[in-house]
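Colleague:
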Amino acid sequence: MPGRVLRRPSAKCTFSPIRVVRAAELALTAGLVGHAAATPYQQAHWAYALVELEDECRHSRMFARMIGTYGLRPRPPLWWQRLGVRIAAMLDDPLRLFAAALVVVELTDAFQRVAMTDETIHPITRQISRIHVIEEARRIKYAREELKRQVVHRSAVRRRVGGAMMARLTRTLLDTMIRPDRYRAVGLDPEFARRTALRSPHRRQVERWALAKCVRFFHEVGMADGRARAAWVKVGPLPDELARGDR
């Protein structure tokens, strides 16, 4: 783009993905409330779900305070984010709940592991990334164990349908991480920049890297094989060896 002058990324552009993740975490929190309500109080799963709820509420507050610390004006959730929270609250399917949790947590974990050691990033952001990575490690393990427990009782068809739904959710999450108007903050035409970014081979490579562990786990539990595999191939973040059919 000859002649264009790119400005330094603003805080609004930097924190656009955090607002999306915050909305996703609120949706998962709503789903955990429903899961806890449907679980007998005597079970350890119920107690652990409450521990996860406590952590997620604290993390949501932490991200909100970080946005405020950087002087950004709070924005209300977009309509589709509000709808997602309502759907999650009504979703009585632990398989999809914990699979969605893994998509969100593994995606943010990959980027925050890089951010927490990058000295070009603001110290507050690095410290919050470090806290989130440490505390979310337990949640990743929790979600994986719960998902393993759920797939035992599901047919191959239901597992693959759930996997295809997660592929679609993953694509939606990736495509909405940066709002189009944020490109204007660095001197780019929003629509042109968004179209270019979505077609970028480098972007797809980064997406595969960020979600590789999550998608490999879905393959292991029967949510990224068979017909579900085609859905993952279509949305893009399938690791190379799974795309080739090596496993």
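Residue numbers (full-length UniProt numbering): 1 to 247.
Glycine included, every Cβ here is placed at the ideal spot set by N, Cα and C.
#1: State the Cα-Cα distance for the pair ARG86 and VAL233, rounded to the nearest angstrom.
#2: Any idea what DSSP makes of LEU72, helix, strand or coil?
#3: Could you pull the start and end residues of the alpha helix (DSSP H) that GLY162 belongs to?
#4: Near ASP118, which residues of its chain fall below 8 Å by C-beta distance, leaving aside the five closest residues on each side in sequence?
#5: How many whole angstroms separate the CB atoms of GLY162 and ARG96, which I take to be in contact at a CB cut-off of 8 Å?
#6: Please give the ranges of any beta strand (DSSP E) in the region 91 to 115, keeping only runs that are unbroken, at least 3 residues long and fully inside the region.
#7: Leaving aside the five residues before and after GLY226 along the sequence, list all residues of the same chain whose C-beta is less than 6 Å from its C-beta, in chain order.
#8: Within the same chain, show all residues whose beta-carbon is closer than 6 Å to that of ALA212, passing over the 5 residues directly before and after it, in chain order.
#9: At which residues does the alpha helix (DSSP H) containing GLU136 begin and terminate?
#10: By the three-class DSSP mapping on this structure, what secondary structure does VAL221 have?
#11: Between the alpha carbons of ARG113 and ALA185, how many angstroms are there, rounded?
#12: Exposed or buried, LEU32, counting other C-beta atoms within 10 Å across all chains shown (16 or more means buried)?
#13: To which residues of the same chain is ALA167 closer than 6 Å at the C-beta, ignoring the five residues directly before and after it?
#14: Whether or not the region 208 to 224 and the region 93 to 108 are in contact is what I'm after, with contact meaning three or more pairs of Cβ atoms, one per stretch, closer than 8 Å; do they touch?
#15: Along the chain, where does the alpha helix (DSSP H) containing ARG194 start, and where does it finish?
#16: Locate the alpha helix (DSSP H) running through GLY226, then write down its first and last residues.
#17: If you draw a straight line from the C-alpha of LEU147 to the C-alpha of PHE98, how long is it?
#18: Do VAL51 and VAL151 have their CB atoms nearer than 7 Å?
#19: If I measure Cβ to Cβ from THR176 and keep anything under 7 Å in the same chain, skipping five residues before and after, which residues do I get?
#20: Within 10 angstroms of its Cβ, does ALA49 collect 16 or more other Cβ (buried), or is it exposed?
#21: Just to confirm, is the Cβ distance from ALA210 to PHE218 under 7 Å?
#22: With the cut-off set at 7 Å, would you say GLU25 and GLU56 are in Cβ contact?
#23: Taking all protein chains shown into account, do 16 or more other C-beta atoms lie within 10 angstroms of the C-beta of ALA228, making it buried, or fewer, making it exposed?
Modeller: Put simply:
#1: Here residue 86 corresponds to residue number 86 of the sequence shown, with the count starting at 1. Here residue 233 corresponds to residue number 233 of the sequence shown, with the count starting at 1. If you take the alpha carbons of ARG86 and VAL233, they lie about 29 Å apart.
#2: Position 72 of the sequence shown holds residue 72. Three-state DSSP puts LEU72 in coil, outside helix and strand.
#3: Locating residue 162 in the sequence shown gives position 162, where the first residue counts as 1. In the DSSP assignment, GLY162 falls within the alpha helix (DSSP H) that extends over 156 to 175.
#4: Numbered from 1 along the sequence shown, position 118 holds the residue referred to as residue 118. So the list reads ARG126, once near-sequence residues are dropped.
#5: Taking the sequence shown and counting its residues from 1, one reaches residue 162 at position 162. Taking the sequence shown and counting its residues from 1, one reaches residue 96 at position 96. With a Cβ gap of about 6 Å, GLY162 and ARG96 count as contacting.
#6: none
#7: Against the sequence shown, residue 226 aligns to sequence position 226. ARG160, listed in sequence order.
#8: In the sequence shown, residue 212 corresponds to position 212, counting from 1. Counting only Cβ-Cβ distances below 6 Å, and skipping sequence neighbours, we find PRO239.
#9: Taking the first residue of the sequence shown as 1, we reach residue 136 at position 136. Unbroken alpha helix (DSSP H) run through GLU136: 123 to 151.
#10: Walking along the sequence shown from the start, residue 221 turns up at place 221. Three-state result, VAL221: coil.
#11: Stepping through the sequence shown from its first residue, residue 113 is reached at position 113. Stepping through the sequence shown from its first residue, residue 185 is reached at position 185. If you take the alpha carbons of ARG113 and ALA185, they lie about 26 Å apart.
#12: Within the sequence shown, the letter at position 32 stands for residue 32. Buried.
#13: Mapped onto the sequence shown, residue 167 falls at position 167. Result list for ALA167: ALA231, TRP232, VAL235, in chain order.
#14: yes
#15: Position 194 of the sequence shown, counted from the start, is the residue given in the question as residue 194. It spans 190 to 198 - the alpha helix (DSSP H) in which ARG194 sits, taken as one unbroken run.
#16: Position 226 of the sequence shown holds residue 226. The continuous alpha helix (DSSP H) containing GLY226 extends over residues 226 to 235.
#17: Counting from one through the sequence shown, the residue named residue 147 turns up at place 147. Counting from one through the sequence shown, the residue named residue 98 turns up at place 98. Rounded to whole angstroms, LEU147 to PHE98 spans 6 Å at the Cα level.
#18: Locating residue 51 in the sequence shown gives position 51, counting from the first residue. Locating residue 151 in the sequence shown gives position 151, counting from the first residue. For VAL51 and VAL151, no; Cβs fall outside 7 Å.
#19: The residue labelled residue 176 in the question sits at position 176 within the sequence shown. Taken in chain order, the residues that qualify are VAL20.
#20: In the sequence shown, the residue the question calls residue 49 occupies position 49. Per the 10 Å Cβ criterion, buried.
#21: Here the question's residue 210 lines up with position 210 in the sequence shown. Here the question's residue 218 lines up with position 218 in the sequence shown. If you check the CB distance, ALA210 and PHE218 do not come in under 7 Å.
#22: Here residue 25 refers to the residue found at position 25 of the sequence shown. Here residue 56 refers to the residue found at position 56 of the sequence shown. It is a contact, given that the beta carbons lie within the stated cut-off.
#23: Residue 228 sits at position 228 when you count from the first residue of the sequence shown. Counting Cβ neighbours within 10 Å, ALA228 comes out buried, since at least 16 surround it.
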